[in-house]
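Peer 1: After the structure tokens below, expect a handful of questions from me.
Numbering (the working numbering), first residue to last: 2 to 87.
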């Protein structure tokens, strides 16, 4: 399998979870994931928001955290890295 083929399943899982988490009033949603590291370790900051300005708070689920970690591990498998994804 290629990186793109393996990535597609994880991307779809993330999309499905975002759809499940967002309010029905939202027509669009954006997930921003940014890599960060400090003296305590490394990780990802996740933000879900509505680009149309709707203000309901949507917290990422454990499924999203898990999927983005698997996505990072997949990229590392193919010697790829990313610091920010939208």
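Quick reminder that beta carbons are idealized off the backbone N, C-alpha and C, glycines included. Because the structure is a prediction, the values reported are computed rather than measured.
(1) Determine contact between the region 62-72 and the region 10-28, defined as no fewer than three beta-carbon pairs at a distance below 8 angstroms.
(2) By Cβ distance, which residues of its chain are closer than 6 angstroms to residue 71, with the 5 residues on each side in sequence left out?
(3) Return the Cβ separation of residue 85 and residue 36 in integer angstroms, given the expectation that the two are a contact with Cβ distance under 8 angstroms.
(4) What does DSSP give as the partner residues of residue 86 in its beta bridges?
(5) Measuring straight from C-alpha to C-alpha, what distance separates residue 25 and residue 39?
Peer 2: In short, the structure shows the following:
(1) yes
(2) 11
(3) 7 angstroms
(4) 34
(5) 37 angstroms
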